[in-house]
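Colleague: Pasting in a structure now, in structure tokens, and then I'll have a few things to ask.
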Amino acid sequence: MKEKVISIKGVSFQYPDQEAFALRNVSFDVYKGEWLAIVGHNGSGKSTLAKMLNGLHYPSEGTVSIGGYALIEENVWLIREKLGMVFQNPDNQFVGTTVQDDVAFGLENNGVEHSAMQERVFASLEKVGMTAFLNQEPHHLSGGQKQRVAIAGVIALRPDIVLLDEATSMLDPLGREEVINTVRELNENEGLTVISITHDLEEASRADRVIVLNEGMLYTEGTPERIFQLDRELLNLGLGVPFAVQMSQLLTDAGLQLSRRHFNEEELVKDLWTLNFEK
Amino acid sequence: MMEKMIVGRYLPADSVVHKMDPRAKLLFIFGFVIIVFLANNAVTYAVLGAITCLIVLLSRVKLRFLINGLKPVLILILFTFFLHVFFTKEGDILAQIGFLTIYKGGVIKGVLISIRFLLLIFVTSLLTLTTPPISVTDGIESLFGPLKKLKLPVHELALMMSISLRFIPTLLDETDKIMKAQMARGADFSSGSIPERVKAVIPLLIPLFVSAFKRAEELAVAMEARGYKGSEGRTKYRILQWSTRDTIAMFLLVALCAALFMLRS
Ligand SMILES: Nc1ncnc2c1ncn2[C@@H]1O[C@H](COP(=O)(O)OP(=O)(O)OP(=O)(O)O)[C@@H](O)[C@H]1O
Ligand SMILES: [Mg+2]
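Line by line, the protein sequences are chains S and F. Counting from 1, position 31 in the first sequence corresponds to residue 31 in full-length UniProt numbering; the numbering is continuous, with no gaps. Counting from 1, position 167 in the second sequence corresponds to residue 167 in full-length UniProt numbering; the numbering is continuous, with no gaps.
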């Protein structure tokens, strides 16, 4: 049995002066070292859930436990050291005037000794491939680079879990790729647990496991392969299946022997043009 | 272009003045601004002028950049100069144009006051030209540190300053974008009467304010998520280093002050 790092049991949440519940009776676990994607339509409660995991909201009902700590006010600073968060807008989370100042911000907040700080800043920037930009000001960076700096700022605190709330949704395809690859490397090499909240099913297809939220409730969970087989059901939930997945489905239906269902276009194209080589 | 005016003023270089502790620079300028007002004759002005030239040379800042910093206040300098020339009634009469009488004393006074202005502007622009804004903020925070005992939120004010500095280019970009968006819808920012122009700015300001508030809110959440809980228990990444050259600068300031007291008439 894998080790649980987050356990959510029967959680409901209602915003003050709001009638509907933003989360309703949600339960699931997150395991150490996995990459979990959470998908859902606009307003399905993804951000609410993310903020709860970082102690920015507390459940109205149910319990949340993160890294062995129950989510209550006394533990909130401990939890924030265990779970780092990257937000959607690259600009609105960049606090420092330069890249290194921004990475150091979290370290300063947590009272890390000055002697240890520099090394940790450099090491984190190294891991996201941004060492060349040490003294760069934020307005000279691309969106993808800013998000990588944000990730560096999070991992400098050596958390067990990184939570990305639509961290790639404001980026162009190149920036998106950049950020996802950075996260993938951290997940594989450092054993970091990743929770990525996303609209983008193609991004979700890279995860080990996918959770689908619908109107504040957990709709289903499973491997990306299993989730994409829901096809029409996903469309009804306001989630489009990625083009490559639809295409490979149609091609298979039309009798083509594809090596497998593809999640991204590049793989599909490669499979298609090498299809007849062996003959 | 606006960006250059506000934040792009810092010119990185490797000079003694660049390497000085921002606190020393701030203290020196504070002292210098007071000392300048002690000067009241040719000798004292010459001494101050010489010191200013020395600092400019040491900083290796090109004269062009100093002159640029002068432009916005040139009108003010000219205005005070002519004010003194026309309204001081001292010494011999130099010329008489219509109802205006120009006295020798007035011209001398006008020239001296203008030099005083120039010296002040040169020295203060040198601060921004040789010190990154963030270091100025750090210096101010450190110098005002003792005021924390009086419950003055020194750390918070310094953080506010540095966040404002960080967001100036972002907001300028945004202003530019909104301006273009409104222009695409037919807004006209560059013609019409003054009330019309003021009115035209409103559709620019409102979206800008809305977005600034949204940014502020998101930034606050992000800061909290990254463990920001006020100045307590916080360490600092940037540490200011006071070295011998800073002490020397302070001695120079004291010596300058003494010299001016002796030389002034
Ligand atoms: N601060 C708030 N106050 C009141 N209600 C809110 C607040 N934030 C979100 N809600 C409501 O809670 C519900 C869930 O919102 P949430 O932001 O969690 O959705 P989301 O899945 O993140 O959506 P998106 O994909 O648009 O980011 C929505 O119905 C929303 O209107
Ligand atoms: Mg959201």
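For every residue, glycine included, the Cβ atom is placed at its ideal position computed from N, Cα and C. Remember, it's a predicted structure, so these values are computed and weren't measured experimentally.
Mapping DSSP to helix, strand and coil, what is S162/F?
Modeller: helix
Colleague: For ligand 1, is there any heavy atom lying closer than 7 angstroms to the beta carbon of Q18/S?
Modeller: Under cutoff, so the answer is yes.
Colleague: In chain order, what residues of the same chain lie with their CB nearer than 6 angstroms to the CB of L164/S, ignoring the 5 residues before and after it?
Modeller: V86 and S196
Colleague: Could you have a look at W242/F and say whether DSSP puts it in helix, strand or coil?
Modeller: It is coil, neither helix nor strand.
Colleague: When you compare each of T63/S, Q88/S, G106/S and Q100/S to W77/S by their alpha carbons, which one comes out closest?
Modeller: G106/S
Colleague: Would you say T170/F lies against chain S (beta-carbon separation less than 8 angstroms)?
Modeller: yes
Colleague: Taking the Cβ atom as the reference point for each residue, do G10/S and E73/S lie within a distance shorter than 8 angstroms?
Modeller: no
Colleague: Taking the alpha-carbon of N92/S as reference, which of V194/S, R209/S, Q118/S and A150/S has the nearest alpha-carbon?
Modeller: A150/S
Colleague: So I161/S and I6/S are supposed to be a Cβ contact under 8 angstroms. How far apart are they, rounded?
Modeller: 7 angstroms
Colleague: For the segment 125 to 142 of chain S, which residues have a CB atom closer than 7 angstroms to at least one CB atom of chain F, in sequence order?
Modeller: P138 and H139
Colleague: Mind checking E58/S: buried by the 16 CB within 10 Å criterion, or exposed?
Modeller: Residue 58/S is actually Tyr in this sequence, not Glu. Looking at its Cβ environment, which holds fewer than 16 other Cβ atoms inside 10 Å, Y58/S is exposed.
Colleague: Is the closest heavy atom of ligand 1 to the C-beta of G106/S under 7 angstroms?
Modeller: no
Colleague: Taking 7 angstroms as the cut-off, is the C-beta of D200/S nearer than that to any heavy atom in ligand 2?
Modeller: Ligand 2 never approaches D200/S closely enough for any of its heavy atoms to be under 7 angstroms from the residue's Cβ.
Colleague: For L127/F, tell me which candidate among M250/F, I29/F and C257/F has the shortest Cα-Cα distance.
Modeller: I29/F
Colleague: Check whether the Cβ of I6/F lies closer than 8 angstroms to any Cβ atom in chain S.
Modeller: Residue placement at I6/F is flagged as unreliable, the pLDDT there being 45, under the threshold of 50; a coordinate-derived value is accordingly withheld.
Colleague: Straight-line CA distance for I206/F to F213/F?
Modeller: 11 angstroms
Colleague: If I measure Cβ to Cβ from I113/F and keep anything under 8 angstroms in the same chain, skipping five residues before and after, which residues do I get?
Modeller: T80, F81 and H84
Colleague: Is the CB of N149/S under 8 angstroms away from at least one CB in chain F?
Modeller: Reading the sequence as shown, one finds Val at residue 149/S and not Asn. Cβ-Cβ to chain F under 8 angstroms: no for V149/S.
Colleague: Kindly provide the chain-ordered list of residues whose Cβ lies closer than 5 angstroms to any non-hydrogen atom of ligand 1.
Modeller: Y15/S, Q18/S, A22/S, N42/S, G43/S, S44/S, G45/S, K46/S, S47/S and T48/S
Colleague: Between A22/S and G40/S, is the Cβ-Cβ spacing less than 8 angstroms?
Modeller: no
Colleague: At least one CB of chain S closer than 8 angstroms to the CB of E141/F: is that the case?
Modeller: False, the Cβ-Cβ gap to chain S never drops below 8 angstroms.
Colleague: Could you check whether T175/F and L204/F sit closer than 8 angstroms to each other, using their CB atoms as the reference points?
Modeller: In this structure, T175/F lies closer than 8 angstroms to L204/F by Cβ.
Colleague: Which complete alpha helix (DSSP H) runs does the segment 75 to 102 of chain S hold, if anything under 4 residues is left out?
Modeller: 76 to 82
Colleague: Does the Cβ-Cβ distance between P22/F and T170/F come in under 8 angstroms?
Modeller: Against a cut-off of 8 angstroms, the Cβ pair of T170/F and P22/F comes out as no contact.
Colleague: Which term fits H262/S, buried or exposed, when burial requires 16 or more other beta carbons within 10 angstroms of its beta carbon?
Modeller: buried
Colleague: Counting only Cβ pairs nearer than 8 angstroms, list the residues of chain S close to L165/F.
Modeller: T97
Colleague: Which value, in whole angstroms, describes the spacing of the CA atoms of A258/F and E137/S?
Modeller: 43 angstroms
Colleague: Consult DSSP for S248/S and reduce its assignment to one of helix, strand or coil.
Modeller: helix
Colleague: Measuring alpha carbon to alpha carbon, tell me which of D271/S, R232/S, G238/S and H199/S ends up nearest L251/S.
Modeller: D271/S
Colleague: Given that R80/S touches chain F, what residues does it touch there, using C-beta distances under 7 angstroms?
Modeller: A225 and G227
Colleague: Tell me the DSSP bridge mates of Q257/S?
Modeller: Paired residue(s): none; Q257/S is not in a bridge.
Colleague: Whose C-alpha, out of K19/F, V47/F and L11/F, is nearest the C-alpha of L240/F?
Modeller: K19/F
Colleague: Please compile the residues from chain S whose C-beta is within a distance smaller than 9 angstroms of the C-beta of V210/F.
Modeller: By Cβ distance, chain S contributes nothing, its closest Cβ being about 14 angstroms from V210/F, past 9 angstroms.
Colleague: What whole-angstrom Cβ distance do D102/S and V112/S have, given they're in contact under 8 angstroms?
Modeller: D102/S to V112/S, Cβ: 15 angstroms. No contact.
Colleague: For a contact meaning CB atoms closer than 8 angstroms, what does A181/F contact in chain S?
Modeller: Here the premise fails: no neighbours, minimum Cβ distance about 18 angstroms.
Colleague: Does the Cβ-Cβ distance between I211/S and L201/S come in under 8 angstroms?
Modeller: The answer is no: Cβ separation not under 8 angstroms.
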